[in-house]
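Take a look at the structure below.
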């Protein structure tokens, strides 16, 4: 059995199928970890949802910001953005089943693999959060999303405040802060305050801020994340074992899988690059 972690699909269904073929992936034998953002911006968002959902227990995926945006549009009253490619999902006859499945996905996945305590989130992990604390915080949001308050939370999920985590946060501020760390974080300051404006490469860091993975941790955990296509799968200057997997397939880059036992990376090029 091999466990592979794959970066953001973002509707790149054809490349996803090619990558599974390149891995010789067999759901009866192997497993997938998917780092979130299954949907949006690419042409095959509906097919990506159906493909991953059909894999059942062979695939573990965390929620990304684009996945949450789909849920907010469908169930929280949010509006589609101009660049969204979610119409096919919203009009699909199996829409509600797929949305129910997506809404039940976690914010973290954690296992010991190849002797390493390994945690996957979409965007990363605050340096001061232990893996156990991160899991517990994720469960808080997951319980709300899967319960009667799920729609109400999706209506109020968006926002940049509070940007600095405090353990005594409560209510919507607490839930929003957790979601923002797990699905939107890139640059933080020494206190752990998030910046939400800078979204490009490392040279776009605001004064006093650095990538979250350049701050040390008290453990030697392996952290798997996607979200940050501008990194091109690299984490230079990292002070932790952070494995970046979003290699920008939807932007003409590639779709990448990491063998979580051997550390080998396998990629297939974006069809958009081939068409250029």
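In our numbering, the protein residues as written are 23 to 298. Heads up, the beta-carbon is just placed ideally off N, CA and C, and yes, glycines get one too.
Under 8 Å by Cβ, that's how I've got residue i and residue j pegged, so tell me the actual separation to the nearest angstrom.
i	j	result
residue 42	residue 60	Residue 42 to residue 60, Cβ: 14 Å. No contact.
residue 45	residue 279	6 Å
residue 150	residue 185	With 8 Å as the limit, residue 150 and residue 185 do not qualify as a contact, their Cβ atoms being about 15 Å apart.
residue 100	residue 91	7 Å
residue 123	residue 170	Rounded, the Cβ-Cβ distance is 18 Å, inconsistent with contact.
residue 125	residue 168	7 Å
Which same chain residues end up closer than 7 Å to residue i when comparing Cβ atoms and leaving out the 5 residues on each side of it in sequence?
i	result
residue 65	33 and 107
residue 40	290
residue 281	24 and 26
residue 37	271, 277, 290, 292 and 293
residue 110	67 and 68
residue 103	none
residue 133	140
residue 199	184, 187 and 191
residue 239	149 and 262
residue 220	208, 209, 226, 227 and 228
residue 6	Examination of residue 6 is not possible in this model, given that the chain is present from 23 through 298 alone.
Going by DSSP, what residue range makes up the alpha helix (DSSP H) through residue i?
i	result
residue 277	Not the alpha helix (DSSP H): residue 277 falls in the beta strand (DSSP E), residues 276 to 281.
residue 247	No alpha helix (DSSP H) contains residue 247, which is instead part of the beta strand (DSSP E) from 244 to 247.
residue 131	No alpha helix (DSSP H) holds residue 131; the beta strand (DSSP E) holding it covers 131 to 135.
residue 71	67 to 76
residue 47	From DSSP, residue 47 is part of no alpha helix (DSSP H); its letter is neither H nor E.
residue 177	172 to 178
residue 125	117 to 125
residue 110	109 to 112
Mind checking whether residue i and residue j have CB atoms under 7 Å apart?
i	j	result
residue 210	residue 142	no
residue 50	residue 85	no
residue 236	residue 261	yes
residue 138	residue 287	no
residue 121	residue 96	yes
residue 98	residue 160	no
residue 82	residue 131	yes
residue 47	residue 129	no
residue 136	residue 283	yes
residue 147	residue 158	no
Between residue i and the rest of its own chain, which residues show a CB-CB distance below 6 Å, the 5 nearest in sequence each way excluded?
i	result
residue 272	32, 34, 63 and 64
residue 270	251
residue 182	218
residue 298	The predicted model places residue 298 with a pLDDT of 33, which falls under 50 and marks its position as unreliable; any figure quoted below should be read in that light. Nothing meets the Cβ criterion.
residue 114	68
residue 194	178
Under the DSSP definition of a beta bridge, which residues are partnered with residue i?
i	result
residue 27	55 and 280
residue 152	Looking at the DSSP assignment, residue 152 forms no beta bridge with any residue, so it has no partner.
residue 270	276
residue 209	217 and 233
residue 83	56
residue 263	244
With a CB to CB cut of under 8 Å and the five nearest residues on each side skipped, what residues in its chain are close to residue i?
i	result
residue 296	Note that residue 296 scores a pLDDT of 48, beneath 50, so its modelled location is shaky; the value from the coordinates is reported in the next line. If we look at residue 296 and ignore the five residues flanking it on each side, it has no Cβ neighbours.
residue 248	29, 30, 57, 58, 59, 86, 144, 145, 266, 267 and 268
residue 197	162, 163, 166, 175 and 179
residue 23	51, 52 and 53
residue 241	139, 152 and 153
residue 117	96 and 111
residue 94	100, 176, 177, 179 and 180
What residue range is occupied by the uninterrupted beta strand (DSSP E) comprising residue i?
i	result
residue 138	138 to 142
residue 104	Segment: none, residue 104 is in no beta strand (DSSP E) and carries neither H nor E.
residue 290	287 to 291
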